[in-house]
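I have placed the structure first, in the form of structure tokens, so that the comments after it can refer back to it.
In my numbering, the protein residues as written are 48 to 692.
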């Protein structure tokens with residue numbers, strides 16, 4: 048043991064420890080300091096311009112900062128001062144090397160120190176590591192952050208360089224970095240680690256999110272990786288539509304959220320002319336969530352419009368969108384981009400009374416009434432070239448109940464089916480139409496095929512007398528209850544399951560085994576063709592009237608006659624005229640809280656007259672109008688028929 052350090056190699060290196068000199072060799076042990084490096088070993092073999100050690104601990108000082116910047120243990124060392132290079136190899140499977148200024152450690156097999164270039168180059172061989180339940184082959188060194196806020200962020204590098212002067216750690220051949228739930232692919236496979244584990248922001252990187260589903264691929268990413276669970280930045284993304292065309296979305300915000308899930312936020316400007324498909328335009332905000340395959344769009348969309356007189360304003364929505372099958376949610380309230388409520392379906396304008404079609408478009412007046420509408424989802428059917436609105440099951444299977452609206456953008460008609468609301472104010476008289484409506488924009492005409500339920504307080508004995516007379520007539524045409532429109536409307540009225548049972552009963556028994564309460568009303572017309580008459584401002588029947596039942600008695604007969612539902616500011620009017628033949632008929636009229644009825648059947652009339660005083664009326668209650676029924680007169684019926692001429 049020597050008291051003073053022994054100087055080696057032109058006095059630039061010192062050894063604190065023991066030396067042993069013999070004719071064959073010069074060996075030593077202890078702490079050997081040279082060229083800003085420290086090597087400690089129990090056995091070092093010195094030669095003229097080089098030395099070796101089979102087992103040593105090695106560290107390097109930071110040239111600028113002066114402290115120890117690099118440390119590793121249990122290595123085999125060969126240092127050549129003539130070549131100005133040190134070569135080091137791990138004695139175990141791999142050695143842990145610590146970059147103190149960078150707060151990183153690396154598992155490396157070997158490294159070289161270039162003294163004049165002031166760099167250390169590290170490399171690692173291929174090995175197998177466990178990733179979850181699988182063993183994978185990894186090539187290169189594993190670099191791991193030991194910064195307390197970075198949750199042991201790590202990545203692999205096949206070629207790594209550390210600058211001894213600046214303490215900058217540059218990792219090359221980095222295939223990817225797993226951060227949060229994503230996989231980040233650095234541009235040129237290069238990652239730079241600065242002081243305190245700060246990773247230099249990545250540019251032009253790619254991101255796959257998430258690592259399991261791999262639903263989303265982002266590119267042109269500018270990222271700050273802040274730890275194993277946290278990163279942020281921005282990136283571009285390709286929305287691929289149904290034609291396979293790519294439309295670029297710029298996500299100004301890309302980050303891992305509190306649940307360590309990748310999310311992104313972007314904005315598409317109106318001037319960008321972005322389309323969800325050839326049939327839907329879009330502008331607004333876009334959101335990406337790594338675990339969800341579909342992007343969420345929160346903004347405004349617009350349908351493609353060809354028909355004159357039918358505007359197509361932008362309207363608001365928020366929904367996840369599948370580019371191959373686009374469904375836009377449509378609620379009862381749909382607003383334009385400026386917040387104006389929009390209508391969808393056939394509309395009754397109240398001043399003056401007129402009908403007109405809409406399809407997610409502005410009404411003439413906010414108070415205009417939708418007589419046929421639908422909500423659920425908007426879908427474009429390419430086969431029929433029409434936009435459709437309904438609930439999801441009905442959009443997939445048209446035979447199911449539920450309101451449905453479609454708009455043919457080339458033939459220019461609006462079609463609807465389901466439950467209608469004629470916008471009538473008839474007090475205690477209820478009129479419930481179910482069926483189909485078509486507004487032909489080119490002809491400016493509205494037609495309807497409906498099952499109509501008309502219910503009112505009346506003398507049951509009179510209605511039973513009416514039923515009796517109709518039943519006794521064998522010369523009346525029978526209604527074919529196998530018709531699609533009636534069967535579809537049955538399911539609309541009572542629901543799919545009960546409707547199918549009723550249809551089965553009709554097929555096997557010719558009537559219902561158990562009469563449905565929904566049809567136990569005064570008059571039920573199984574099928575009526577209705578039109579809007581702009582001259583009289585009224586819904587009017589056209590052609591035969593098919594009577595399904597009166598109260599609980601099924602009839603299924605075709606009668607001549609007229610049903611008129613007339614709009615008036617002073618109060619709406621109902622007229623029903625049913626004709627068994629020219630001499631035998633029934634007439635009902637409701638106006639201003641009074642229902643009048645008269646028939647050619649004197650027994651019917653007498654049963655109305657026989658009702659005791661007070662038993663023919665309903666008092667006003669709970670905001671409902673007063674009501675009474677009385678026997679009418681033939682002149683009232685005659686006046687109605689004359690008005691139709």
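Where a beta carbon is used, it is the ideal one built from N, C-alpha and C, also for glycine.
Cutoff 6 angstroms; reference residue i; Cβ partners in own chain excluding five residues on either side
i           : result
residue 180 : In this prediction, residue 180 has a pLDDT of 48, which is less than 50 and means its spatial position is unreliable; what the coordinates show is noted afterwards. No residues qualify anywhere along the chain.
residue 758 : The chain is shown only over 48 to 692; residue 758 falls outside these bounds and no answer can be derived.
residue 210 : 166
residue 200 : 192, 274, 275
residue 374 : 424, 426
residue 296 : 284, 286, 313, 333
residue 187 : 171, 203, 204, 205
residue 590 : 576
Three-way DSSP call (helix, strand, coil) for residue i in this model
i           : result
residue 222 : coil
residue 341 : coil
residue 180 : Its pLDDT being 48, under 50, residue 180 is placed unreliably by the model, and the measurement read from it follows with that caveat. Coil.
residue 546 : helix
residue 527 : coil
residue 253 : strand
residue 560 : coil
residue 533 : helix
residue 689 : helix
residue 440 : helix
residue 703 : There is simply no residue 703 to check, as the chain begins at 48 and stops at 692 in what is shown.
residue 236 : helix
residue 259 : coil
residue 652 : helix
residue 72  : coil
residue 664 : strand
residue 276 : coil
Span separating the alpha-carbon of residue i from that of residue j
i           : j           : result
residue 411 : residue 399 : 11 angstroms
residue 74  : residue 172 : 31 angstroms
residue 263 : residue 255 : 6 angstroms
residue 313 : residue 434 : 28 angstroms
residue 429 : residue 681 : 55 angstroms
residue 134 : residue 160 : 6 angstroms
residue 616 : residue 393 : 20 angstroms
residue 319 : residue 391 : 27 angstroms
residue 463 : residue 489 : 17 angstroms
residue 460 : residue 333 : 33 angstroms
residue 119 : residue 129 : 24 angstroms
residue 420 : residue 447 : 16 angstroms
residue 354 : residue 341 : 32 angstroms
residue 407 : residue 415 : 14 angstroms
residue 207 : residue 271 : 20 angstroms
residue 672 : residue 610 : 23 angstroms
residue 474 : residue 595 : 24 angstroms
residue 388 : residue 495 : 26 angstroms
Closest residue to residue i among the options (Cα-Cα distance)
i           : options            : result
residue 690 : 348, 204, 584      : 584
residue 714 : 651, 671, 638, 656 : Not covered by the structure: residue 714. The range shown for the chain is 48 to 692.
residue 597 : 242, 141, 145, 514 : 514
residue 366 : 376, 315, 550      : 376
residue 378 : 341, 405, 436      : 436
residue 632 : 612, 607, 614, 656 : 607
residue 198 : 278, 212, 253      : 278
residue 402 : 439, 493, 466      : 493
residue 661 : 504, 474, 565      : 504
residue 261 : 251, 589, 335      : 335
residue 247 : 267, 217, 294, 221 : 217
residue 466 : 89, 517, 451       : 451
residue 729 : 484, 559, 346, 470 : The chain is shown only over 48 to 692; residue 729 falls outside these bounds and no answer can be derived.
Cβ separation of residue i and residue j, assumed to be a contact under 8 angstroms, to the nearest whole Å
i           : j           : result
residue 350 : residue 359 : 5 angstroms
residue 524 : residue 605 : 4 angstroms
residue 155 : residue 117 : Contact flag wrong, Cβ pair sits at about 11 angstroms.
residue 370 : residue 288 : 5 angstroms
residue 169 : residue 124 : Between residue 124 and residue 169 the Cβ distance is about 14 angstroms, and since that is not below 8 angstroms, they are no contact.
Proximal residues to residue i (C-beta, below 7 angstroms), its chain only, five neighbours per side dropped
i           : result
residue 98  : 91, 92, 126
residue 80  : 60, 61
residue 309 : 227, 228, 229, 256, 257, 303, 337
residue 15  : As displayed, the chain neither begins before 48 nor continues past 692, which places residue 15 out of reach and without an answer.
residue 108 : 83, 114, 115, 116
CB contact check: residue i to chain D, cutoff 7 angstroms
i           : result
residue 580 : In the structure shown, chain D does not exist; there is a single protein chain.
Cut-off 8 angstroms between Cβ atoms - residues of its own chain near residue i, not counting five sequence neighbours on either side
i           : result
residue 580 : 586, 587
residue 654 : 506, 508, 509, 512
residue 96  : 56, 127, 128, 129
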